[in-house]
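Residue 38 is where the sequence shown starts when you use my numbering, and the numbers rise one by one after that. Just below is one structure, and these are the notes that go with it.
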Amino acid sequence: MNFRTRSFLLSHVRRTLDFYENSVDPKGGIYQFYKDDGTIYDPHTRHLVSSTRFVYNYAMAYVHFGNEDYLERTRHGLDFIRNVHRNPETGGYAWVVYDGKVADDANHCYGLAFVMLAYACAVRAGIEEARDWLRETYDVMEEHFWLKDKGLYASEATGDWQLNDYRGQNDNMHSCEAMLAA
């Protein structure tokens, strides 16, 4: 078995996606906590990074395989990010949501980088409305996290955008990754 062939990799991706066959929560979002057998052990919690990574996975799966189910899952995940994680008053995104309610309203640059990545891949999958959301998120990052004098993004802020003192490479690396995807 050659692990580097296109056919092996595509087959592996399909098998991995099949593991998440029951990932869509009809009440909103994508289930994120699974046992090895695929059983969902926490149907309540939604973490921003996991929400966005599922959107990324489904958008890219649609791009590569053309399966409309993946596109619908992308839209379902985007709806949750836009209407539950996102705070329309502040432009921020809740770090953790529990049963559809904000459990942690902290803003993380790392999280917003993954929001940008999800939106960029949604655009690539043909979801044009995500283009404006991508720009909006970039503008929020620039306004609240960019530290011009240091040439980098801050890492974390409260729900009302009070920055903490920590500065990390991870936030900046994933921001760069998201901007390359955009």
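Glycine included, C-beta positions come from ideal geometry on N, C-alpha and C.
Sequence-distant residues of its chain with Cβ nearer than 7 Å to Y135 (five each side left out) = Position 98 of the sequence shown, counting from 1, holds the residue named residue 135. Hits under 7 Å: H81 and T82.
Sequence ranges, beta strand (DSSP E) only - wholly within the region 118-151, length at least 3 = Counting only runs of 3+ residues, the beta strand (DSSP E) found wholly inside the region 118-151 occupies 133-135 and 138-141, in chain order.
Using three-state DSSP, classify A162 as helix, strand or coil.
-> The residue given as residue 162 occupies position 125 in the sequence shown. Of the three classes helix, strand and coil, the one that applies to A162 here is coil, per DSSP.
Would a C-beta distance cut-off of 8 Å place A219 and L171 closer than the cut-off?
-> Counting from 1 along the sequence shown, the entry for residue 219 is found at position 182. Counting from 1 along the sequence shown, the entry for residue 171 is found at position 134. Yes; because the gap between Cβ atoms is below 8 Å, this pair is in contact.
Inter-stretch contact at 8 Å, needing at least 3 Cβ pairs: the region 132-148 / the region 186-204 | yes
With DSSP as the reference, label E179 as helix, strand or coil.
-> Taking the sequence shown and counting its residues from 1, one reaches residue 179 at position 142. Of the three classes helix, strand and coil, the one that applies to E179 here is helix, per DSSP.
Opposing strand residues paired with T195 [DSSP bridges] = For the purposes of this step, residue 195 is taken as residue 158 along the sequence shown, with counting starting at 1. DSSP, once it has assigned bridges, lists no residue as partnering T195.
Note the first and the last residue of the continuous alpha helix (DSSP H) segment covering R51.
-> Along the sequence shown, read from residue 1 onward, the residue named residue 51 stands at position 14. R43 to F56 is the extent of the alpha helix (DSSP H) around R51.
With which residues is L85 paired in a DSSP beta bridge?
-> Locating residue 85 in the sequence shown gives position 48, where the first residue counts as 1. In DSSP, L85 forms no bridge with anything.
Would T76 be called buried (16 or more neighbouring beta carbons within 10 Å of its own) or exposed?
-> Taking the sequence shown and counting its residues from 1, one reaches residue 76 at position 39. That one is exposed.
Compare the Cα-Cα distances from F91 to each of D116, D74 and D73 and report the closest residue.
-> The residue labelled residue 91 in the question sits at position 54 within the sequence shown. Measuring from the Cα of F91, the nearest candidate turns out to be D116.
Proximal residues to V113 (C-beta, below 6 Å), its chain only, five neighbours per side dropped | Locating residue 113 in the sequence shown gives position 76, where the first residue counts as 1. Per the sequence presented here, residue 113 reads as His, with Val not at that position. Excluding sequence neighbours, H113 sits near V61.
Could you check how far apart the C-beta atoms of A162 and Y99 are, in whole angstroms? I think they sit under 8 Å.
-> If you number the sequence shown from 1, residue 162 lands on position 125. If you number the sequence shown from 1, residue 99 lands on position 62. A162 to Y99, Cβ: 5 Å. Contact.
Where D79 sits in the DSSP three-state scheme | Translated into the one-based positions of the sequence shown, residue 79 becomes position 42. Looking at D79 - three-state DSSP - the assignment turns out to be strand.
Quick one, which of V139, G65 and N59 has its alpha-carbon nearest D74's?
-> Numbered from 1 along the sequence shown, position 37 holds the residue referred to as residue 74. Among V139, G65 and N59, the Cα nearest to that of D74 belongs to N59.
If you run the structure through DSSP and keep just helix, strand and coil, what is Y203?
-> By 1-based counting over the sequence shown, the position of residue 203 is 166. If DSSP states are grouped into helix, strand and coil, Y203 belongs with coil.
What are the partner residues of L189, as DSSP defines its beta bridges?
-> Taking the sequence shown and counting its residues from 1, one reaches residue 189 at position 152. Residue pairing by DSSP places L189 opposite L184 in a beta bridge.
Please confirm whether N209 and L189 have their CB atoms less than 8 Å apart.
-> One-based indexing of the sequence shown puts residue 209 at position 172. One-based indexing of the sequence shown puts residue 189 at position 152. Yes. Within cutoff.
What residue from Y107, L108, V152 and G137 has the CA that sits closest to G128's CA?
-> The residue you call residue 128 lines up with position 91 of the sequence shown. Among Y107, L108, V152 and G137, the Cα nearest to that of G128 belongs to V152.
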